[in-house]
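Here is the structure we will look at, set down as structure tokens.
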Amino acid sequence: SRLAAVWAALQIRTVLPTLLPAMNQVIVVGGGLGGLSAAHTVMEHGVKVCVIDKNAFFGGNSTKATSGINGALTKTQRAHKIQDSPEIFVEDTMRGGASRPDLVSVLCNESAPSVDWIIDKFGVDLSLVSRLGGHSMPRTHRGKERFPGMTITYGLMEKLEEIAEDSDKARILLKTKVTKLLTDRDGNVCGCECVSSDGKVFQEHGPVVIATGGFGADFTSDSLLNKHRPDLAHLPTTNGDHCTGDGLKMTMAVGGDCVDLEWIQVHPTGLVHPEDPDAKVKFLAAEALRGVGGVLLDIEGHRFCNELGRRDYVTGMMWKNKGVTLGNTTGFFLCLNGKASNEITWHCKHYKGRGIMKSYAN
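Going by the working numbering, the first residue of the sequence shown is number 68, and it counts up by one from there.
Written out as structure tokens, the structure is:
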């Protein structure tokens, strides 16, 4: 979602000048961080926005982001005297990616302005910085309380709700599913068809920003997951049940091309509830738990990987080592000492409250 937010915002800045004469609103489908960032960017250009989400509330997967948002050369880093730069961020990202320098450049060079924008415009606390997996510098920003994804997304969401209540600059349509994109005689997208919670079918007209997320929670036989990565369909997910690829399918239905759908990330740390180990949906264990010093242990109590390695590396090492079997699930231990748990107290209290973490007086 962090890249989606930056990319959606940049695309809006690029196309708005040519769209303004013909349209009086921009439609944003999806109310996660990417969609909300795009919506606020639209309004910064003096254009009205309509944000549509099929859920009863905004947030999407963005509220599940439990470790933070990355930025290189931010105000927070400078305050902590961290000698980072977009160039170093590019190098780190290129080492772990599939060599897309155009997208990497957007992500890394726009990262600091985007993080500072969240802090300055929405008053979000991102005063803590950690070094997490795949990074050579501390650049993952979070606040002192709550999950950072929740804090960031709520900041943008609450501001949008205020604007919608006080003016006609923004409209919010929740419990509303976009079912298809509308096109003009030349094949250009000019709106969308929607269905409200009471079954009413209606249309919204204007350029459309698709910010609906991925398809990691669609386990149906004809899902994009089964089509592009059937080898991963047996794994549980930390995605919300809204992640069914709606935007991708609608885009392809009007001739849009999709790329890289086979690149599905397998996150190494989804927390296993001891009373329901085979649950298809798992609660995400923040990467920040490892960033503050948490270690991964196998069934014999031995470390088996560098906990700050890239996610594909950590996942691969898990598959190579022997874990603990609960039901049909194989898991590993994630352990934090007192110093580490005190550094990330809010997370630990939250996990303990959910019954997926225990503390021991030793």
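Where a beta carbon is used, it is the ideal one built from N, C-alpha and C, also for glycine.
ask   = Buried or exposed: which applies to P88, given that a residue is buried once 16 or more other Cβ atoms fall within 10 Å of its Cβ?
value = On the sequence shown, position 21 is the one that residue 88 refers to. Because the pLDDT at P88 is just 46, under 50, the model does not fix this residue reliably, and the point stays unresolved.
ask   = Name the DSSP bridge partner or partners of S197?
value = The count along the sequence shown starts at 1 and reaches residue 197 at position 130. S197 is bridged to T207.
D308 vs T279 beta-carbon contact at 8 angstroms = Residue numbering aside, residue 308 sits at position 241 when the sequence shown is read from its first letter. Residue numbering aside, residue 279 sits at position 212 when the sequence shown is read from its first letter. Contact flag unset, no.
query = Between the C-alpha atoms of F350 and N388, what's the straight-line distance to the nearest angstrom?
reply = As a working mapping, residue 350 is identified with position 283 in the sequence shown. As a working mapping, residue 388 is identified with position 321 in the sequence shown. Approximately 22 angstroms, taken between the alpha carbons.
request  = Please name the residue, chosen from S197, A346, T392 and R378, that lies closest to E367 on a Cα-to-Cα basis.
outcome  = Locating residue 367 in the sequence shown gives position 300, counting from the first residue. Closest option to E367, Cα to Cα, is T392.
request  = Report the option in G398, K316, E225 and G322 whose CA atom is closest to the CA atom of L100.
outcome  = Here the question's residue 100 lines up with position 33 in the sequence shown. The shortest C-alpha separation from L100 is found at E225.
inquiry  = Measuring CB atoms only, is the segment 338 to 350 touching the segment 161 to 168, in the sense that at least three cross pairs come out at less than 8 angstroms?
reply    = With the rule of 3 Cβ pairs closer than 8 angstroms, the segment 338 to 350 does not count as touching the segment 161 to 168.
task = Quick one: measure Cβ to Cβ for I277 and V359, integer angstroms, because I've assumed they're closer than 8 angstroms.
result = As a working mapping, residue 277 is identified with position 210 in the sequence shown. As a working mapping, residue 359 is identified with position 292 in the sequence shown. Not a contact, Cβ separation roughly 36 angstroms.
query = In terms of DSSP beta bridges, what is H272 paired with?
reply = Here residue 272 refers to the residue found at position 205 when the sequence shown is read from its first residue. Looking at the DSSP assignment, H272 forms a beta bridge with G258.
query = How is Q92 classed by DSSP in three states: helix, strand or coil?
reply = As a working note, residue 92 is residue 25 in the sequence shown. If DSSP states are grouped into helix, strand and coil, Q92 belongs with the strands.
inquiry  = So for I239, helix, strand or coil by DSSP?
reply    = Residue 239 sits at position 172 when you count from the first residue of the sequence shown. I239: strand per DSSP, three-state reduction.
message = Here's the rule: buried if 16 or more other CB atoms are within 10 angstroms of the residue's CB, otherwise exposed. What is T287?
response = The residue you call residue 287 lines up with position 220 of the sequence shown. Around the beta carbon of T287, fewer than 16 other beta carbons sit within 10 angstroms, so the residue counts as exposed.
query = Skipping 5 residues on each side, what residues in its chain have a beta carbon closer than 7 angstroms to that of M424?
reply = Numbered from its first residue, the sequence shown carries residue 424 at position 357. Residues of the same chain with a CB within less than 7 angstroms of the CB of M424, apart from the 5 flanking positions on each side, are C415 and Y418 in chain order.
ask   = If you follow the alpha helix (DSSP H) that L100 is part of, which residue opens it and which one closes it?
value = Here residue 100 is taken as the residue at index 33 of the sequence shown, counted from 1. Start and end: L100 to E111.
task = Take L299 as the anchor and find which of G283, E212 and T207 has the nearest alpha-carbon.
result = Taking the first residue of the sequence shown as 1, we reach residue 299 at position 232. Closest by C-alpha distance to L299, out of G283, E212 and T207, is G283.
request  = Give me the Cα-Cα distance between F214 and D251, rounded to the nearest whole angstrom.
outcome  = On the sequence shown, position 147 is the one that residue 214 refers to. On the sequence shown, position 184 is the one that residue 251 refers to. Approximately 43 angstroms, taken between the alpha carbons.
Three-state secondary structure assigned by DSSP to N137 = As a position in the sequence shown, residue 137 is number 70, starting the count at 1. Residue state for N137 is assigned as strand, using DSSP reduced to three classes.
task = Confirm, please, whether the CB-CB distance from V245 to V95 is below 8 angstroms.
result = Taking the sequence shown and counting its residues from 1, one reaches residue 95 at position 28. Taking the sequence shown and counting its residues from 1, one reaches residue 245 at position 178. Not a contact, by the Cβ cut-off of 8 angstroms.
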